[in-house]
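Here the sequence shown stands for residues 495 to 816, numbered as in the numbering used here.
All C-beta atoms, glycine included, are put in the ideal place defined by N, C-alpha and C.
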Amino acid sequence: MKKLIFLIFVLFLLLVTVIYVEKFAVSDEDLKKGLEDLSDEELEYLLNQTSISENNPLVGEASRSEFYRTYDGKVVSSLRVYELSKLLYEERSYRNLQEREIKSIIAQTQINCNFKTAQELLATCPTENEIKIIRNDFNIVFDKTPAQWSCTNGGKESSVMLTMYNTFRLMKCTPFNQKFIWAPKYNNMYDWTKSLNLKEIQYFSCPPNENCFNHAGSDTIYLLMDDLDNPIYREVINSNTGSGVGFLPVLTIHESRHTVDGGHKGHTCALNDQTLQELGAWGVQYHLLNMLANNTGNYFSSYEENRFRNSAKNILKTRFCS
Numbered sequence: 495m496k497k498l499i500f501l502i503f504v505l506f507l508l509l510v511t512v513i514y515v516e517k518f519a520v521s522d523e524d525l526k527k528g529l530e531d532l533s534d535e536e537l538e539y540l541l542n543q544t545s546i547s548e549n550n551p552l553v554g555e556a557s558r559s560e561f562y563r564t565y566d567g568k569v570v571s572s573l574r575v576y577e578l579s580k581l582l583y584e585e586r587s588y589r590n591l592q593e594r595e596i597k598s599i600i601a602q603t604q605i606n607c608n609f610k611t612a613q614e615l616l617a618t619c620p621t622e623n624e625i626k627i628i629r630n631d632f633n634i635v636f637d638k639t640p641a642q643w644s645c646t647n648g649g650k651e652s653s654v655m656l657t658m659y660n661t662f663r664l665m666k667c668t669p670f671n672q673k674f675i676w677a678p679k680y681n682n683m684y685d686w687t688k689s690l691n692l693k694e695i696q697y698f699s700c701p702p703n704e705n706c707f708n709h710a711g712s713d714t715i716y717l718l719m720d721d722l723d724n725p726i727y728r729e730v731i732n733s734n735t736g737s738g739v740g741f742l743p744v745l746t747i748h749e750s751r752h753t754v755d756g757g758h759k760g761h762t763c764a765l766n767d768q769t770l771q772e773l774g775a776w777g778v779q780y781h782l783l784n785m786l787a788n789n790t791g792n793y794f795s796s797y798e799e800n801r802f803r804n805s806a807k808n809i810l811k812t813r814f815c816s
């Protein structure tokens with residue numbers, strides 16, 4: 495009789511436990527959501543502290559592995575906590591690995607624009623990867639082989655090749671806070687020029703005793719290279735000459751505008767444009783200079799902004815016939 499009473503008592507306790515657990519137990523989904531709120535460090539700590547051994551239970555006084563504990567006000571099996579913690583930790587570890595791999599891939603396919611100012615960019619050298627990106631995005635050719643060149647971060651070296659690469663770096667990295675009036679889908683000089691799918695960007699030397707100008711064909715632009723090794727092109731704008739690499743993206747955009755639709759009207763008034771409103775090459779140059787002065791935050795110094803602004807004013811006075 496005593497054994498029967500004891501057996502009934504044990505069964506009663508088991509039934510109460512089952513009812514309690516079923517009433518208050520949290521689902522795997524809810525538990526997982528709760529654990530997801532933990533940081534990586536907290537999750538790793540919980541995983542390391544959770545044990546399914548009889549000698550080291552997670553919490554409470556139970557001595558067997560499959561005991562129930564209160565988690566966030568609900569009854570939870572320590573084994574489930576361990577298994578879901580492990581699952582989440584592995585998921586996060588894999589996701590973090592993927593994110594690092596993605597960042598690495600992105601770094602290999604983008605030009606570094608992590609510079610506060612244009613001059614800070616010019617104080618660095620184009621990386622081998624950036625050179626590959628630029629040459630892949632644009633078919634850049636030279637009518638004669640440029641001289642060997644070198645570059646050191648913070649150095650003063652200047653060369654045709656370095657000036658050319660820095661022109662495209664500036665085109666990519668100059669941050670505008672509004673879209674271009676002549677190309678409303680774009681606010682990046684590099685991206686707009688790339689969208690034109692130019693056949694060539696050709697750097698050429700001017701023959702002796704001739705007057706040469708930057709110019710464009712239906713799908714090719716031609717840029718003078720004779721003076722690009724001048725040390726002033728290691729600066730945005732040199733204070734002594736008023737010139738510098740800061741104006742080279744503007745010239746590139748001017749000539750690129752001529753290629754739109756197989757040649758955007760050329761110049762409609764001799765070497766000038768008839769009106770600003772037609773947004774020919776001079777109109778685009780005028781608006782771009784104003785944007786460089788007024789819509790790039792603190793990327794350029796006050797002196798550089800004023801030089802851009804004054805250049806725009808000069809174009810407005812001299813390059814439109816009506």
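My understanding is that residue i touches residue j, with C-beta atoms under 8 Å, so please give their C-beta distance in whole angstroms.
{"i": "residue 806", "j": "residue 780", "result": "5 Å"}
{"i": "residue 693", "j": "residue 633", "result": "7 Å"}
{"i": "residue 795", "j": "residue 723", "result": "That belief does not hold up - the Cβ atoms of residue 795 and residue 723 are roughly 24 Å apart, past 8 Å."}
{"i": "residue 605", "j": "residue 584", "result": "Their Cβ separation, rounded to whole angstroms, is 36 Å, which puts residue 605 and residue 584 out of contact at 8 Å."}
{"i": "residue 740", "j": "residue 798", "result": "6 Å"}
Under a Cβ-count criterion, where at least 16 other Cβ atoms within 10 Å of its own Cβ denotes burial, should residue i be classed as buried or exposed?
{"i": "residue 531", "result": "exposed"}
{"i": "residue 575", "result": "buried"}
{"i": "residue 679", "result": "exposed"}
{"i": "residue 614", "result": "exposed"}
{"i": "residue 594", "result": "exposed"}
{"i": "residue 710", "result": "buried"}
{"i": "residue 512", "result": "For residue 512, the pLDDT reaches just 45, beneath the cut-off of 50, and the residue's location in the model is therefore unreliable, although a value from the coordinates is still provided. Classification for residue 512: exposed."}
{"i": "residue 682", "result": "buried"}
{"i": "residue 700", "result": "exposed"}
{"i": "residue 725", "result": "exposed"}
{"i": "residue 774", "result": "buried"}
{"i": "residue 660", "result": "buried"}
{"i": "residue 801", "result": "buried"}
{"i": "residue 666", "result": "buried"}
{"i": "residue 733", "result": "exposed"}
{"i": "residue 523", "result": "exposed"}
{"i": "residue 619", "result": "buried"}
Look at the alpha carbon of residue i and the alpha carbon of residue j, and state the distance between them as a whole number of angstroms.
{"i": "residue 791", "j": "residue 538", "result": "43 Å"}
{"i": "residue 727", "j": "residue 716", "result": "19 Å"}
{"i": "residue 664", "j": "residue 768", "result": "30 Å"}
{"i": "residue 804", "j": "residue 535", "result": "56 Å"}
{"i": "residue 789", "j": "residue 783", "result": "10 Å"}
{"i": "residue 527", "j": "residue 577", "result": "14 Å"}
{"i": "residue 702", "j": "residue 609", "result": "40 Å"}
{"i": "residue 695", "j": "residue 587", "result": "46 Å"}
{"i": "residue 687", "j": "residue 777", "result": "16 Å"}
{"i": "residue 755", "j": "residue 761", "result": "14 Å"}
{"i": "residue 662", "j": "residue 579", "result": "49 Å"}
{"i": "residue 649", "j": "residue 677", "result": "36 Å"}
{"i": "residue 720", "j": "residue 616", "result": "20 Å"}
{"i": "residue 834", "j": "residue 651", "result": "Absent from the structure is residue 834, since the part of the chain shown begins at 495 and ends at 816."}
{"i": "residue 731", "j": "residue 533", "result": "49 Å"}
Provide the residue span of the alpha helix (DSSP H) that contains residue i, from first to last.
{"i": "residue 778", "result": "775-788"}
{"i": "residue 802", "result": "796-812"}
{"i": "residue 714", "result": "Looking at the DSSP string, residue 714 is not in any alpha helix (DSSP H); the run it does join, the beta strand (DSSP E), is 714-718."}
{"i": "residue 616", "result": "612-616"}
{"i": "residue 659", "result": "654-667"}
{"i": "residue 744", "result": "742-751"}
Determine which residues share a DSSP beta bridge with residue i and list them.
{"i": "residue 635", "result": "696"}
{"i": "residue 691", "result": "DSSP lists no partner for residue 691."}
{"i": "residue 709", "result": "716"}
{"i": "residue 815", "result": "Paired residues: none, contrary to the question."}
{"i": "residue 763", "result": "766"}
Less than 6 Å separating the Cβ of residue i from some heavy atom of the ligand PLP?
{"i": "residue 755", "result": "The ligand content of the structure shown is nil, which means the ligand PLP is not present either."}
Any beta carbon from chain B within less than 7 Å of residue i's own beta carbon?
{"i": "residue 724", "result": "Although the question refers to chain B, the structure presented lacks it and comprises just one protein chain."}
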